[in-house]
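As structure tokens, the structure follows; a few thoughts come after it.
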Amino acid sequence: MGAGLGCRSRIRPRERLSRFSSIRIGGPVSAVISVSGPAEMEEVFSLRSREEIPGPLHFVGRGSNILFPDRGLEGTLVRLETADLSSSCRWREEEVYVEAGYPLPALAREAARRGIGGFEFLSGIPGTVGGATVMNAGAGGREWASLCRSVTIMTPAGSVETLPAERMGYGYRTSLFGGNRHSGSEVTGFEPLPEGSVVLGALLSGFSARPDECQSGLARHLEYRKRTQPIDEPSLGSVFRNPSKGPPGYTAGRLIEETGLKGEFRGGIMVSRRHANFFVNTGGGCERDFRELLDYVSGRVRERWGIVLEPEVRVWNA
Ligand SMILES: Cc1cc2nc3c(=O)[nH]c(=O)nc-3n(C[C@H](O)[C@H](O)[C@H](O)COP(=O)(O)OP(=O)(O)OC[C@H]3O[C@@H](n4cnc5c(N)ncnc54)[C@H](O)[C@@H]3O)c2cc1C
Numbered sequence: 007m008g009a010g011l012g013c014r015s016r017i018r019p020r021e022r023l024s025r026f027s028s029i030r031i032g033g034p035v036s037a038v039i040s041v042s043g044p045a046e047m048e049e050v051f052s053l054r055s056r057e058e059i060p061g062p063l064h065f066v067g068r069g070s071n072i073l074f075p076d077r078g079l080e081g082t083l084v085r086l087e088t089a090d091l092s093s094s095c096r097w098r099e100e101e102v103y104v105e106a107g108y109p110l111p112a113l114a115r116e117a118a119r120r121g122i123g124g125f126e127f128l129s130g131i132p133g134t135v136g137g138a139t140v141m142n143a144g145a146g147g148r149e150w151a152s153l154c155r156s157v158t159i160m161t162p163a164g165s166v167e168t169l170p171a172e173r174m175g176y177g178y179r180t181s182l183f184g185g186n187r188h189s190g191s192e193v194t195g196f197e198p199l200p201e202g203s204v205v206l207g208a209l210l211s212g213f214s215a216r217p218d219e220c221q222s223g224l225a226r227h228l229e230y231r232k233r234t235q236p237i238d239e240p241s242l243g244s245v246f247r248n249p250s251k252g253p254p255g256y257t258a259g260r261l262i263e264e265t266g267l268k269g270e271f272r273g274g275i276m277v278s279r280r281h282a283n284f285f286v287n288t289g290g291g292c293e294r295d296f297r298e299l300l301d302y303v304s305g306r307v308r309e310r311w312g313i314v315l316e317p318e319v320r321v322w323n324a
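Heads up: take any position in the sequence shown, counting from 1, add 6, and you land on the working numbering.
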């Protein structure tokens, strides 16, 4: 689709961020626009350069890892989506180029159907390819960096660049990609990415496997999640990263649980009784509740274990 009325007709002024957040938190935003594919993304940059949409631009996928501010945001929330699953990924043997808005569980299912292994861990992560590229999403000992060969980005000037995965500075749930002004990268020692760029897609590579083995891998991942995580309640997944120090095998969840904090709450946000590293919105919870609980939990864990927990969720400031 070329530049035209396509995107402009989908600009929604004065929306609430909570509608685009998996934990249903967040105040007003000046505008929201849903985008699918590079031509529409180029159109959004061009609308912005002509000041036809308010700035700055904030790129998101499913909002499954972002704590939006109660006070809201100035600018335009740009949601990367997939209009059509089949045309948004191009397979060639064990490799696939997937657009940023593609949902991770659908990607895991499609890889399994084709008998391509290595994608199973994505089956229960409720985000998009763009979010996983930025976050280096992972589960069960596997992470995005193990699949990713290159990342294609678009700069605000509309130029498209493909960067080898080695340039992304991947580490544990981090990348060079700050994503936007809220989340400046904590990774150093790599050439910075062009300011204000968006992830358009990624080239991924798995390995040849039997479809039935891939399917049982998917089923195992999903069953484990159902049993151990509050997947039916609004959350942002793991709140804290697992610490690199401390007793072996002590994940952030175990430290919180053994500090006796399951069920602790502030306002409408509660430490899940099913998994202590998940905070769930029990109804009406807001950013302030979440932050208060986060500070309280990390303070109690520090007192008890001498370990400083670092947030995994991206906390956006107004
Ligand atoms: C129930 C539940 C379970 C979860 N389990 C896991 C898990 O097992 N492992 C794991 O790693 N995570 C997990 N998560 C967290 C989350 O799903 C992942 O981090 C996911 O990769 C985020 O994808 P998203 O599309 O929702 O990104 P968002 O939350 O929308 O965005 C995350 C960051 O990426 C940036 N971003 C998103 N898309 C683009 C783009 N196209 N271009 C530039 N920047 C972009 C945003 O600005 C933001 O900084 C879980 C979350 C929930 C709610």
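C-beta: ideal position from N, C-alpha, C; glycine also.
Remark: C-beta atoms of T288 and G274 approach each other more closely than 8 Å.
Taken from the Cβ of I122, every heavy atom of ligand 1 lies 7 Å or farther away. The Cβ-Cβ distance between S214 and E100 falls below 8 Å. When Cβ pairs closer than 8 Å are counted between the two stretches, the region 249-259 is seen not to touch the region 291-299, the count staying below three. Relative to the Cα of E263, the nearest Cα in the group S278, G252, G43 belongs to S278.
Taking C-alpha positions only, S28 is separated from V319 by approximately 12 Å.
Only exposed fits N323, as fewer than 16 other CB atoms lie within 10 angstroms of its CB. The C-alpha of R98 lies about 21 Å from the C-alpha of A138.
The three-state reading of DSSP puts S156 in strand, counting E and B together. The region 228-237 makes no contact with the region 160-173; the number of CB pairs closer than 8 Å stays below 3. In summary, Y178 is exposed, with fewer than 16 beta-carbon neighbours lying within 10 Å of its beta-carbon over all protein chains present.
Around G107, the same chain offers S42, L86, E87, T88, T134 as residues with beta carbons nearer than 6 Å, after the five sequence neighbours per side are excluded. Taking 4 residues as the minimum length, the alpha helix (DSSP H) runs contained wholly in the region 41-105 are 44-55, in order along the chain. Taking a C-beta distance under 8 Å as the contact criterion, Y302 and G207 do not qualify as a contact pair.
A residue is called buried once 16 or more other Cβ atoms fall within 10 Å of its Cβ, and E57, having fewer, is exposed. Counting along the chain, the unbroken beta strand (DSSP E) around L210 starts and ends at 204-211.
The beta carbon of R148 sits closer than 6 Å to the beta carbons of F127 from its chain, once the five residues preceding and following it are set aside; these are given in chain order. About 7 Å separates the CB atoms of I159 and L199; that is less than 8 Å, so the two are in contact.
Per DSSP, F296 is one residue of the alpha helix (DSSP H) stretching across 293-311. By the neighbour-count criterion, in which 16 or more other beta carbons inside 10 Å mark a residue as buried, R25 falls on the exposed side. Distance from the CA atom of I59 to the CA atom of L83, rounded to whole angstroms, is 10 Å. Taking non-hydrogen atoms of ligand 1 into account, the C-beta of L153 is found less than 7 Å away from none of them.
With 16 or more other Cβ atoms from the protein chains shown falling within 10 Å of its own Cβ, R54 counts as buried. Of the residues R77, G67, E46, V38, the one whose Cα lies closest to the Cα of G61 is V38.
Ligand 1 never approaches M276 closely enough for any of its heavy atoms to be under 7 Å from the residue's Cβ.
Shown here, P19 sits in a strand according to DSSP, grouped into three states. Apart from sequence neighbours up to five positions away, the residues of its chain that approach M276 with a beta-carbon distance below 6 Å are V286, T288, ordered along the chain.
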